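Following: one structure in structure tokens, then a few remarks.
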């Protein structure tokens, strides 16, 4: 194993379910756009790309065919060894089987595991019932896909502790803290420190802040030894009032922030070592 103490994983979250081209024209919708962003983010220093699918009009989708098209386009780049992370929450709700199908069939190295239900305040309910979480946890163990556990508040970490005890999840877990979502914990360093403090021993973790919380949480995460997530899913801006031109621009800034701290972005294979992933060969 190579020396990984100065390496940090950068995940590029490319489009999510919520941002639209009306908010920032750079938000990718089509499989071609999403796959191109994934490839270019990998070239810029991202070790992991986090994939959501969109319909042609930008609506979030859980249609298997769209995920298949995106993943096949990424894998068609034979020089690209990026780790693929497919969401299990392409819409706020949907049939359990449809949410799990792209993961079971496409076999990414990671998938998101949103460890609880959240009220999106004036929007809707982001539903992740105990039934779904148990079904997803057992399904991904069977196909050797590691959960990236997305955490929006403290109770979600305690949920995972319970699921590890019952065998739904397998330790050590990898947590992705997301601060600043409507209905979740706010983007403060104090909240980040607290959430980090209650993770089970031996866990790996990353963090991001939504919109204006993006840079403060990224800097605090670097100082605390965590990994990074950037991308248009979480933040549409490079500066106050200045839209990001692409996901790549956000990845490049993260690489520069690491360099300022004498750190380097992990390669995909180094990310696999850090997270205990098995590289998928097709």
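In our numbering, the protein residues as written are -19 to 262. By construction, the Cβ of each residue, glycine as well, lies at the ideal position given by its N, Cα and C atoms. Since we're looking at a predicted model, the values are computed, not measured.
Please state whether the Cβ-Cβ distance between residue 220 and residue 156 is less than 8 angstroms.
For this step, residue 220 is matched to residue 240 along the chain shown. For this step, residue 156 is matched to residue 176 along the chain shown. Cβ atoms of residue 220 and residue 156: not closer than 8 angstroms.
Tell me where the beta strand (DSSP E) around residue 171 begins and ends.
Position 191 of the chain shown holds residue 171. Counting along the chain, no beta strand (DSSP E) covers residue 171; the unbroken alpha helix (DSSP H) around it starts and ends at 169 to 177.
Consult DSSP for residue 25 and reduce its assignment to one of helix, strand or coil.
Translated into positions along the chain shown, residue 25 becomes position 45. If DSSP states are grouped into helix, strand and coil, residue 25 belongs with coil.
Do the CB positions of residue 32 and residue -5 come within less than 8 angstroms of each other?
As a first step, residue 32 must be located in the chain shown, where it is residue number 52. As a first step, residue -5 must be located in the chain shown, where it is residue number 15. Going by C-beta atoms, residue 32 is nearer than 8 angstroms to residue -5.
Is the segment 14 to 33 in contact with the segment 54 to 61, if contact means three or more CB pairs nearer than 8 angstroms?
yes
Specify the secondary structure class of residue 201 as computed by DSSP and reduced to three states.
Numbered from its first residue, the chain shown carries residue 201 at position 221. DSSP places residue 201 in the helix class (H, G or I) of the three-state scheme.
If residue 65 sits next to residue 88, beta carbons under 8 angstroms apart, how far is it from one beta carbon to the other, in whole angstroms?
Locating residue 65 in the chain shown gives position 85, counting from the first residue. Locating residue 88 in the chain shown gives position 108, counting from the first residue. Indeed they touch by this definition, with Cβ atoms about 6 angstroms apart.
Report yes or no: do three or more beta-carbon pairs, one from the segment 129 to 147 and one from the segment 94 to 110, lie closer than 8 angstroms?
With a cut-off of 8 angstroms, the segment 94 to 110 and the segment 129 to 147 count as touching, because enough Cβ pairs lie within range.
Helix, strand or coil: how does DSSP classify residue 112 here?
To locate residue 112, count along the chain shown from 1; it is residue 132. Of the three classes helix, strand and coil, the one that applies to residue 112 here is helix, per DSSP.
How long is the line joining the alpha carbons of residue 2 and residue 181, rounded to whole angstroms?
If you number the chain shown from 1, residue 2 lands on position 22. If you number the chain shown from 1, residue 181 lands on position 201. When rounded, the distance between both Cα atoms is 43 angstroms.
Spatial distance of residue 10 from residue -2 (CA atoms)
Numbered from its first residue, the chain shown carries residue 10 at position 30. Numbered from its first residue, the chain shown carries residue -2 at position 18. Whole-angstrom Cα-Cα distance: 15 angstroms.
Name the residue from 227, 199, 121, 113 whose alpha carbon lies nearest to the alpha carbon of residue 140.
Here residue 140 refers to the residue found at position 160 of the chain shown. When only C-alpha atoms are compared, the closest one is 113.
DSSP bridge partner residues for residue 126 (one or two, in chain order)
Position 146 of the chain shown, counted from the first residue, corresponds to residue 126. According to DSSP, residue 126 bridges with 90.
Answer yes or no: do residue 207 and residue 14 have a C-beta to C-beta separation smaller than 8 angstroms?
As a position in the chain shown, residue 207 is number 227, starting the count at 1. As a position in the chain shown, residue 14 is number 34, starting the count at 1. No; because the gap between Cβ atoms is not below 8 angstroms, this pair is not in contact.
With DSSP run on the structure shown, which of helix, strand or coil describes residue 85?
Numbered from 1 along the chain shown, position 105 holds the residue referred to as residue 85. DSSP places residue 85 in helix when its eight states are reduced to three.
By Cβ distance below 6 angstroms, which residues in the same chain neighbour residue 128 in space, the five residues on each side in sequence not counted?
The residue you call residue 128 lines up with position 148 of the chain shown. So the qualifying residues of the chain are 65, 90, 92, 154, 156.
Whole-angstrom C-beta distance between residue 190 and residue 161, which should lie under 8 angstroms
Position 181 of the chain shown, counted from the start, is the residue given in the question as residue 161. Position 210 of the chain shown, counted from the start, is the residue given in the question as residue 190. Contact holds; Cβ gap of about 6 angstroms.
Mind reading off the beta-carbon distance from residue 158 to residue 117? Whole number of angstroms is fine, and I expect it under 8 angstroms.
Along the chain shown, one-based indexing puts residue 158 at 178. Along the chain shown, one-based indexing puts residue 117 at 137. Contact annotation, residue 158 with residue 117: C-beta distance approximately 19 angstroms; criterion of less than 8 angstroms not satisfied.
Of all the options 186, 247, 109, 46, which has the alpha carbon lying nearest to the alpha carbon of residue 76?
Here residue 76 refers to the residue found at position 96 when the chain shown is read from its first residue. With distances taken between Cα atoms, residue 76 lies closest to 109.
Can you name the start and end residues of the beta strand (DSSP E) that residue 184 belongs to?
The count along the chain shown starts at 1 and reaches residue 184 at position 204. Residue 184 -> beta strand (DSSP E) spans 184 to 189.
Is the beta carbon of residue 25 sitting closer than 8 angstroms to the one on residue 245?
As a first step, residue 25 is located in the chain shown; it is residue number 45 there, counting from the start. As a first step, residue 245 is located in the chain shown; it is residue number 265 there, counting from the start. Here residue 25 is near residue 245, since their CB atoms are less than 8 angstroms apart.
Could you have a look at residue -15 and say whether DSSP puts it in helix, strand or coil?
On the chain shown, residue -15 is found 5 positions in, with the first residue counted as 1. Three-state result, residue -15: coil.
Three-way DSSP call (helix, strand, coil) for residue 219 in this model
As a position in the chain shown, residue 219 is number 239, starting the count at 1. The answer is strand: DSSP assigns residue 219 an E or B state.
Pull up the distance between the alpha-carbon of residue 12 and that of residue 61, whole angstroms please.
Residue mapping note: residue 12 aligns to position 32 of the chain shown, counting from 1. Residue mapping note: residue 61 aligns to position 81 of the chain shown, counting from 1. When rounded, the distance between both Cα atoms is 18 angstroms.
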